[in-house]
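Undergrad: Sharing a structure with you now.
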Ligand code: GDP
Ligand code: IMO
Ligand code: MG
């Protein structure tokens, strides 16, 4: 088996970026396969902090090939800005080191304009998206007739004709949605995207074919999930989800690599739960403990800066995430954030309409009714950030980890006790 995958089991921001970075040196190719610049992955090492959004963590490692595969939606401007930022710090990235799928779909200005209007009109029912045009781009991908793929950017005549058709349609829609909506110019968009295309061209290729050849030559692939299993379009807390398959289910469809090539899937959870945007969140804490977790864990969105909603670890939700994604090992991250709490709680069951269950509801109306049934565990009063092996941890913290692993039915691979690469316990 040549491939490893790192997938979030909650609502995103589980520290996937840190774990992918940690594993990258044992692999040859790092692959992003869904989502877009809604993701924000922070990686810290050697006293430096890197914030990645579209670029796979492989770009931080010389000699590693990074692939943005077919299931990703790409905003070329955001991509080029991010790449310039990384190149200013780490030097030039060649076309051979960073590949973009010619099948990946392109985020266009009308996607951003449409999303701004839709979210504003939804008011109380707004999804609370990152406003990056992700959902509107995936909608055009599914709708097909108004979609533009990265490969199309390399064919100016085709792109020009397609944009004329699409933009005239989009202008009608935008105007109907909001009489004050700005009208877009196909010619201006074409000119701007032609400039992007020149800079993107060295990177655009058939990544599916590249990945198949990499597997055939025993290259080791590392799949970097974005978002989390509970934000999955099919299996998450619909409609408060993202628009891609952000559980393990998306690896195959988003990269063209068959599921059987994945030898090891590492599910990442936080030692507690966070969520950004709308939607029910059974274990959310609106009290001083929630604020303490937010402050200590620096729980503010990497992409939008929004305060993340914080709560106790929800084993019903996370084990559902683990079952969807098919987890071999777990990583429990941000354990240190719970240091110093007198006691800690884990939601082990849900009570819905007086009935107890460990099933995760399929509808948010049911999820909104959940009363969490907590297991209360002793907290630990010491600083865990210097722990480098399990035996360095206080016994209450080890008990907490054991309880999570038992409830999620998977053994631990890593425990993360701080943002730095070094602040990691590797479990045997
Ligand atoms: P991702 O989207 O899953 O990659 O996660 P993010 O990077 O958005 O959010 C995780 C945040 O926690 C980042 O700011 C990381 O630097 C930080 N982080 C990662 N692991 C740990 C940890 O074990 N302890 C603490 N305190 N912070 C961590
Ligand atoms: P990473 O990869 C946390 C959330 C948004 C919103 C919903 C839909 O850093 O874990 P979208 O813009 O995708 O249409 O928004 O999904 N969301 C995330 N939450 N981490 C992320 O990515 C997220 N990407 C999207 O807040 O609730
Ligand atoms: Mg994040």
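Numbering (my numbering), first residue to last: 62 to 489. Glycine included, each C-beta is placed from N, C-alpha and C at the ideal position.
Mind checking residue 419: buried by the 16 CB within 10 Å criterion, or exposed?
TA: So residue 419 ends up on the exposed side.
Undergrad: Using 6 Å as the cut-off, classify the Cβ of residue 480 as near or not near the heavy atoms of the ligand GDP, replying yes or no.
TA: Yes - the ligand GDP has a heavy atom lying nearer than 6 Å to the Cβ of residue 480.
Undergrad: Closer than 6 Å by C-beta to residue 129: which residues in its own chain qualify, once you throw out the five before and the five after it? Chain order, please.
TA: Once the five neighbours on either side are set aside, the close Cβ partners of residue 129 are 93 and 161.
Undergrad: Using a threshold of 6 Å, is the CB atom of residue 74 nearer than that to any non-hydrogen atom of the ligand GDP?
TA: Indeed, a heavy atom of the ligand GDP lies less than 6 Å from the Cβ.
Undergrad: In chain order, what residues of the same chain have a beta carbon less than 6 Å from the beta carbon of residue 290, not counting five sequence neighbours either side?
TA: Hits under 6 Å: 70, 308, 382, 385 and 386.
Undergrad: Out of 98, 280 and 480, which has the shortest C-alpha to C-alpha gap to residue 359?
TA: The option with the nearest alpha carbon to residue 359 is 480.
Undergrad: Just tell me which of 392, 298, 406 and 439 has its CA closest to the CA of residue 346.
TA: Ranking 392, 298, 406 and 439 by Cα distance to residue 346 puts 406 first.
Undergrad: Taking just the CA atoms, how far does residue 328 sit from residue 68?
TA: C-alpha separation (whole angstroms): 5 Å.
Undergrad: What do you get for residue 176, buried or exposed, if any count of 16 or more other CB atoms within 10 angstroms of its CB means buried?
TA: With 16 or more Cβ atoms within 10 Å of its Cβ, residue 176 is classed as buried.
Undergrad: What is the DSSP secondary structure of residue 448, counted as helix, strand or coil?
TA: Of the three classes helix, strand and coil, the one that applies to residue 448 here is coil, per DSSP.
Undergrad: Within its chain, find whatever has a CB closer than 6 Å to the CB of residue 432; leave out the 5 residues flanking it on each side and keep chain order.
TA: Excluding sequence neighbours, residue 432 sits near 412.
Undergrad: Give me the Cα-Cα distance between residue 482 and residue 200, rounded to the nearest whole angstrom.
TA: Rounded to the nearest angstrom, the two C-alpha atoms are 37 Å apart.
Undergrad: Does the distance from the C-beta atom of residue 434 to that of residue 410 stay below 7 Å?
TA: It is a contact, given that the beta carbons lie within the stated cut-off.
Undergrad: Go ahead and label residue 244 buried or exposed: buried means 16 or more other beta carbons lie within 10 angstroms of its beta carbon, across all protein chains shown.
TA: Its Cβ having fewer than 16 others within 10 Å, residue 244 is exposed.
Undergrad: Tell me, please, whether the region 97–113 touches the region 309–326 by the rule of three or more beta-carbon pairs shorter than 8 Å.
TA: The region 97–113 is not in contact with the region 309–326.
Undergrad: Per the contact definition of three or more C-beta pairs closer than 8 Å, is the region 110–117 in contact with the region 299–315?
TA: As far as the Cβ criterion goes, the region 299–315 does not touch the region 110–117, which means the pair count is below three.
Undergrad: With a 10 Å radius around its C-beta and 16 neighbouring C-beta atoms as the bar for buried, classify residue 445 as buried or exposed.
TA: Buried is the call here.
Undergrad: Cβ of residue 303 versus every heavy atom of the ligand IMO: is any distance shorter than 6 Å?
TA: Yes, the Cβ of residue 303 comes within 6 Å of a heavy atom of the ligand IMO.
Undergrad: Under a three-way DSSP split, which group does residue 327 fall into?
TA: Residue state, collapsed to three classes: strand.
Undergrad: Identify the continuous beta strand (DSSP E) that holds residue 126 and give its terminal residues.
TA: Taken as a continuous stretch (DSSP letters only), the beta strand (DSSP E) holding residue 126 covers 126–129.
Undergrad: Can you tell me the Cα-Cα spacing of residue 64 and residue 81, whole angstroms?
TA: Looking at the two C-alpha atoms, the distance is approximately 12 Å.
Undergrad: Tell me the DSSP secondary structure of residue 296 in three-state form.
TA: Three-state result, residue 296: coil.
Undergrad: With a threshold of 6 Å (Cβ to nearest heavy atom), would residue 103 be considered close to the ligand GDP?
TA: Residue 103 Cβ: within cutoff of the ligand GDP.
Undergrad: Counting along the chain, where does the beta strand (DSSP E) carrying residue 432 start and finish?
TA: Run containing residue 432: 432–439, per the beta strand (DSSP E) assignment.
Undergrad: Check for me: the alpha helix (DSSP H) holding residue 198 runs from which residue to which?
TA: That run of the alpha helix (DSSP H) goes 195–204.
Undergrad: Would you list the residues sitting across from residue 133 in a DSSP beta bridge?
TA: In DSSP, residue 133 forms a bridge with 96.
Undergrad: Comparing C-alpha positions only, which one of 426, 390 and 422 sits nearest to residue 45?
TA: An answer regarding residue 45 cannot be provided, because it is not within the stretch 62 to 489 covered by the chain.
Undergrad: I want to check one thing, is the minimum distance from the CB of residue 363 to the heavy atoms of the ligand GDP below 6 Å?
TA: Correct: residue 363 has its Cβ closer than 6 Å to the ligand GDP.
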